[in-house]
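In the working numbering, the protein residues as written are 1047 to 1427.
Worksheet: one structure, shown below.
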Amino acid sequence: MKGVKIIFGFFAVIALILTAYTVVRTVPAGTCGENGTGLSCIELPPGFSIDYYAEDVENARSMALSPNGTLFVGSRDAGKVYAVLDRNNDSKADDVLVLAEGLDMPNGVDFRNGSLYVAEISRVIRYDNIEARLENPPEPVVVNDSFPSDRSHGWKYIKFGPDGKLYVPVGMPCNICNKEGEDERYGTIMRMEPDGSQLEIFAKGIRNTVGFDWNPETGELWFTDNGRDWLGDDLPPDELNRAPVQGMHFGFPYCHGGDIPDPEFGELRNCSEFTPPETKLGPHVAALGMTFYTGTMFPEEYRNQIFIAEHGSWNRKIPIGYRVTLVRTENGTPVSYEPFADGWLQGLAAWGRPVDVLVMPDGAILVSDDKNNAIYRISYS
């Protein structure tokens, strides 16, 4: 009987694995690409298509577009910043130039008044008149080097807001910890003038945001936030938050998802004291870049709706994320959260990891992928 139980247990485990594989598979095995990889694996709503905009962009992360059409791309582990050029305007890159290398996790990039701003771990630097010197970039100017040097959640997403200030987050240097009494910069979104002066905290209680944008109708800041680990596969959710004014607190480390007290720090504060998320995203999906859709190529129902790049879970038993999702809103309030581009995760393995989303002037959106070293273009016809 003991041998029978062992054999039964073995097959039970195999059945569980196969069940998990079936649950998370988005396209049946053998029906897409080579070894379950490639753009034929990506599922999109009817009328949409996906193609490569650029390949061989090592560890492609955050993106920023100049008015002249130069696409700047940061990286994290690669330590590089790129200029991606579509010289003949055919919606496909012709050149990928390395502007800088050897930088300290230069994830965040943005462009303003002819200058490229790049965020490293502890500083923001600037490359002036960069488009005239793509083949021979100048030495960078240090804008502000007063940020913490912690590598855990130290990589940054940056973006200029409607107020002309550069917004720079400072992630918590831990999975879960309380740093409010030690250094008020941790767990915040900060902002400063383009020259690095007047650095101040805009919002706090944020574990780690690697993507934000402003509602084009209201000018309000919205941002993604990655929830803590090791509360189980299904807790807590990642968050999509809104910060219409300065000074709001979003709960970390005391409260997660608006209503989940932290086992260690929850007794210190009450969840009712904090601003809850606008919507709860999937647990551990690693929601990163987000954007409001302001183009005209997609059907009208997508106008001013929110696209989110989900990098994908790293320690969940059954992985989730690895996709681009859509949050639909009505009168400024989220009403649904659904997959838009799905298929980088096949079974229990992912061949790509979306990082950032960017609306192009023609209305297509670009999606960066730091695992597949690529930038995709999603269009509608």
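Glycine included, every Cβ here is placed at the ideal spot set by N, Cα and C.
Values in this document were obtained by computation on a predicted structure and should not be read as measured data.
- Query: What number of angstroms, rounded off, separates the C-alpha of P1290 from the C-alpha of A1355?
  - Reply: In the sequence shown, counting from the first residue as 1, residue 1290 sits at position 244. In the sequence shown, counting from the first residue as 1, residue 1355 sits at position 309. Rounded to the nearest angstrom, the gap between the Cα atoms of P1290 and A1355 is 22 angstroms.
- Express the C-alpha separation of G1082 and D1209 in angstroms, rounding to a whole number. Position 163 of the sequence shown, counting from 1, holds the residue named residue 1209. Position 36 of the sequence shown, counting from 1, holds the residue named residue 1082. Going from the Cα of D1209 to the Cα of G1082 covers about 45 angstroms.
- Query: Does R1349 come within less than 8 angstroms of chain B when only Cβ atoms are used?
  - Reply: No chain B is present in this structure, which holds just one protein chain.
- Task: Determine, using beta carbons only, whether P1219 and Y1203 come nearer to each other than 8 angstroms.
- Result: As a working mapping, residue 1219 is identified with position 173 in the sequence shown. As a working mapping, residue 1203 is identified with position 157 in the sequence shown. No, these two residues do not count as a Cβ contact at 8 angstroms.
- Message: Between G1217, N1316 and K1138, which has its C-alpha nearest A1100's C-alpha?
- Response: In the sequence shown, residue 1100 corresponds to position 54, counting from 1. The shortest Cα separation from A1100 among G1217, N1316 and K1138 belongs to K1138.
- Query: For S1086, is the classification buried or exposed, using 16 other Cβ atoms within 10 angstroms of its Cβ as the cut-off for buried?
  - Reply: Start at 1 with the first residue of the sequence shown, and residue 1086 comes out as number 40. With fewer than 16 Cβ atoms within 10 Å of its Cβ, S1086 is classed as exposed.
- Query: Relative to the alpha-carbon of D1305, which residue among E1313, F1311, F1298 and C1317 has its alpha-carbon at the smallest distance?
  - Reply: Position 259 of the sequence shown holds residue 1305. Out of E1313, F1311, F1298 and C1317, C1317 has the C-alpha closest to the C-alpha of D1305.
- Of the listed residues E1324, M1236, L1145 and E1226, nearest to Y1213 (C-alpha basis): Within the sequence shown, residue 1213 is the residue found at index 167, counting from 1. In terms of Cα proximity to Y1213, the closest of E1324, M1236, L1145 and E1226 is M1236.
- Check whether the Cβ atoms of S1414 and A1106 sit closer than 8 angstroms, and answer yes or no. Looking up residue 1414 in the sequence shown gives position 368. Looking up residue 1106 in the sequence shown gives position 60. Yes.
- Any chance you could list the beta strand (DSSP E) runs of at least 3 consecutive residues sitting entirely within the segment 1298-1379, in chain order? Every beta strand (DSSP E) stretch that sits fully inside the segment 1298-1379 and reaches 3 residues is listed by chain position as 1325-1329, 1333-1338, 1352-1356 and 1369-1376.
- Query: Going by C-alpha distance, which of S1425, F1248, F1353 and N1134 is nearest G1257?
  - Reply: Start at 1 with the first residue of the sequence shown, and residue 1257 comes out as number 211. Closest option to G1257, Cα to Cα, is F1353.
- Message: Judging by CA-CA distance, which residue of L1245, I1176 and D1097 is the nearest neighbour of R1156?
- Response: In the sequence shown, residue 1156 corresponds to position 110, counting from 1. What sits at residue 1156 in the sequence shown is Asp, not Arg. Here the closest residue by C-alpha is I1176.
- Bounding residues of the beta strand (DSSP E) (the contiguous stretch that carries T1234): Indexing the sequence shown from 1 puts residue 1234 at position 188. Its beta strand (DSSP E) spans residues T1234 to M1238.
- Every unbroken beta strand (DSSP E) inside the segment 1133-1194 [3 residues or more]: The beta strand (DSSP E) runs of length 3 or more contained entirely in the segment 1133-1194 are, from start to end of the chain, 1141-1146, 1154-1158, 1161-1165, 1170-1173 and 1187-1190.
- Query: Measuring CA to CA, which of P1345, T1371, N1419 and D1416 is closest to G1092?
  - Reply: Locating residue 1092 in the sequence shown gives position 46, where the first residue counts as 1. The residue asked about is misnamed: residue 1092 is Pro in this sequence, not Gly. Closest in alpha carbon position to P1092, among P1345, T1371, N1419 and D1416, is P1345.
- Alpha-carbon to alpha-carbon, G1265 and N1134: On the sequence shown, position 88 is the one that residue 1134 refers to. On the sequence shown, position 219 is the one that residue 1265 refers to. For the pair N1134 and G1265, the Cα-to-Cα distance works out to about 34 angstroms.
- Message: Could you tell me the alpha carbon to alpha carbon distance between P1262 and S1425, rounded to whole angstroms?
- Response: Here residue 1262 refers to the residue found at position 216 of the sequence shown. Here residue 1425 refers to the residue found at position 379 of the sequence shown. Roughly 21 angstroms between the two C-alpha positions.
- Query: Excluding the five sequence neighbours on either side, which residues of its own chain have a C-beta within less than 7 angstroms of the C-beta of K1326, listed in chain order?
  - Reply: Your numbering for residue 1326 matches position 280 in the sequence shown. Within the same chain, P1283, E1285 and G1303 come within 7 angstroms of K1326 by CB-CB distance, once the 5 residues on both sides are set aside.
- Which stretch, first to last residue, makes up the beta strand (DSSP E) that contains F1258? As a first step, residue 1258 is located in the sequence shown; it is residue number 212 there, counting from the start. F1258 to W1260 is the extent of the beta strand (DSSP E) around F1258.
- Message: Measuring alpha carbon to alpha carbon, tell me which residue in H1357, G1207 and N1361 is nearest L1277.
- Response: Residue 1277 sits at position 231 when you count from the first residue of the sequence shown. Nearest C-alpha to L1277: N1361.
- Query: For D1196, which of R1172, V1187 and M1151 has the nearest alpha-carbon?
  - Reply: As a working note, residue 1196 is residue 150 in the sequence shown. Nearest Cα to D1196 within the set R1172, V1187 and M1151: M1151.
- Please name the residue in R1172, R1369, N1190 and P1194 whose C-alpha comes closest to that of P1184. To locate residue 1184, count along the sequence shown from 1; it is residue 138. Ranking the options by Cα distance to P1184, first place goes to R1172.
- Do you know whose CA, among N1153, L1111 and G1227, lies nearest G1125's CA? As a working note, residue 1125 is residue 79 in the sequence shown. Taking only the C-alpha atoms, the option nearest G1125 is N1153.
- To the nearest angstrom, how far is it from the Cα of E1104 to the Cα of R1423? Looking up residue 1104 in the sequence shown gives position 58. Looking up residue 1423 in the sequence shown gives position 377. Each residue's Cα considered, the two are about 17 angstroms apart.
- Neighbourhood of S1112 by C-beta distance below 6 angstroms, restricted to the same chain and skipping five residues each side: Translated into the one-based positions of the sequence shown, residue 1112 becomes position 66. For S1112, same chain residues with a beta-carbon under 6 angstroms away, outside a window of 5 residues either side, are F1157 in chain order.
- Message: Could you give the first and the last residue of the continuous beta strand (DSSP E) run that contains R1288?
- Response: The residue labelled residue 1288 in the question sits at position 242 within the sequence shown. That run of the beta strand (DSSP E) goes P1283 to A1289.
- Query: Helix, strand or coil: which one does DSSP assign to I1090?
  - Reply: The sequence position of residue 1090 within the sequence shown is 44, counting from 1. Per the sequence shown, the amino acid found at residue 1090 is Leu instead of Ile. The answer is coil: DSSP assigns L1090 none of H, G, I, E or B.
- Task: On a CA-only basis, which of T1255, N1182, L1162 and L1180 is nearest V1189? Give me that one, please.
- Result: Indexing the sequence shown from 1 puts residue 1189 at position 143. The shortest Cα separation from V1189 among T1255, N1182, L1162 and L1180 belongs to L1162.
- So, is T1270 buried or exposed, given that buried needs 16 or more other C-beta atoms within 10 angstroms? As a working note, residue 1270 is residue 224 in the sequence shown. With 16 or more Cβ atoms within 10 Å of its Cβ, T1270 is classed as buried.
- Message: Just to confirm the assignment, what range does the beta strand (DSSP E) spanning T1270 have?
- Response: Mapped onto the sequence shown, residue 1270 falls at position 224. Here the beta strand (DSSP E) through T1270 covers L1267 to D1271.
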